[in-house]
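Sequence positions in the sequence shown follow mature numbering (1 follows the signal peptide of the UniProt record, and there is no 0) and run -24 to -1, 1 to 301.
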Amino acid sequence: MHRHLKGLFLFIALNWMLTSLTLAQSNVPVRDLPSQIFINISKDDKDTVKWVWKRGGTSNLNLSQTSLSNWAAGGEKFSMSINSVSSFYLYHRKNKHTWDNTLNYSFGYIQTASLGGQKNNDLFDLVSKYGAQMDSAKKWYATILLNPITQLFDGRTYYTKDSSKLISSFFSPAYVTLAVGADWKPIKKALDIFMSPVTSRTTFISNSKLAAQGLYSVDSGRHAYYQFGAFSMITYSDTIMKNVTYTGKLNLFADYLSKPQNVNIYFTNYLVFKVNKYITANYTLNLIYDDKIKQFGPNGTSPALQVLSSIGLGFAVPIKTGYSR
């Protein structure tokens, strides 16, 4: 546990330093936006079954409801929200070769008295990594990584119940990262650091109406924006104390072709407090910064940090782990 805590402290310190550096260079205001939840599935330390394929996952459902009547402080007379987070994994091990796949999908819906019903979260995030072992200690792997991120349904900004504006849709935007590099696993089953000096990152806008507006760094009338640079993905997942688990993910990308000093950040934090087998409390803090996305800053002309912070109480249903040889 001591070495795991050291790894956690190292991970948090690195994230704090990098996030602070980016905020200092951006000098832009913070806005609250529906964002993304990413959950890594950690491998069980007690797993002693010899396997070639392993599959499993978890599914969580969080509910909240508020009603007000003659409430002096004011607020929505009625609101109800439902948020679900599902994570699935499929691992392959054979000789010195590995193939890790994780699929994470989250969806949220909120009903309020003033604005009616609307989506407030929607994320489809797939990570597929193929690695070839490079050392006898099983800490270094030559790795190819593919990571498409998008959503499944339309996203809108609501002004009233009957007035809204389309701001996103399926594969609009979609961020597809393809990277070749090295995977370092200094703390087995807890800390994973992927580093790539050769990375392709493409932003897609498939919806023609959105493409015409020149959103998400894609020029007006075009459907894709290509970047080439350096990429790093750092993940940490462990039980930090009894019945409390922490999962963190930090993606960093520097574009060789345009202002490489302005590092893009995708940083997620997820704390789960286990009440019993099925009931959990959780806290999520997500940060996203991309200096080429300017529609969220003042007057839609400058970048801004996207922030999601949420606390939930809900139900967790583990998906039975399966093995095959």
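For every residue, glycine included, the Cβ atom is placed at its ideal position computed from N, Cα and C.
Nothing here was measured: the structure is a model prediction, and the numbers come from that model.
Residue span of the beta strand (DSSP E) that contains residue i, given as start and end
i	result
residue 250	240 to 250
residue 82	73 to 88
residue 37	29 to 43
residue 281	281 to 300
residue 206	200 to 217
residue 193	No beta strand (DSSP E) holds residue 193; DSSP gives it neither H nor E.
residue 224	220 to 231
residue 170	167 to 180
Distance between residue j and residue i (C-alpha atoms, nearest Å)
i	j	result
residue 40	residue 58	7 Å
residue 148	residue 138	23 Å
residue 172	residue 194	24 Å
residue 162	residue 213	13 Å
residue 286	residue 202	33 Å
residue 81	residue 111	34 Å
residue 102	residue 232	25 Å
residue 113	residue 107	15 Å
residue 254	residue 167	27 Å
residue -17	residue 200	Note that residue -17 has pLDDT 49, beneath the 50 cutoff, so the model's placement of it is unreliable and the number below is only indicative. Cα-Cα distance, rounded: 37 Å.
residue 174	residue 297	35 Å
residue 284	residue 197	30 Å
Under 7 Å between C-beta atoms of residue i and residue j
i	j	result
residue 29	residue 68	yes
residue 153	residue 132	no
residue 251	residue 258	no
residue 95	residue 85	yes
residue 264	residue 237	no
residue 277	residue 262	no
residue 121	residue 155	yes
residue 83	residue 60	yes
residue 100	residue 66	no
residue 188	residue 181	no
residue 192	residue 143	no
The alpha helix (DSSP H) enclosing residue i, as first and last residue numbers
i	result
residue 112	Residue 112 -> no alpha helix (DSSP H), and no H or E assigned at all.
residue 184	184 to 187
Status (buried if at least 16 other CB within 10 Å, exposed otherwise) for residue i
i	result
residue 136	exposed
residue 204	exposed
residue 209	buried
residue 294	exposed
residue 291	exposed
residue 234	exposed
residue 288	buried
residue 141	exposed
residue 224	buried
residue 220	exposed
residue 157	buried
Expected contact under 8 Å - CB spacing of residue i and residue j to nearest Å
i	j	result
residue 299	residue 27	4 Å
residue 159	residue 211	Contact flag wrong, Cβ pair sits at about 10 Å.
residue 228	residue 207	7 Å
residue 215	residue 36	So it is not a contact: roughly 17 Å between Cβ atoms.
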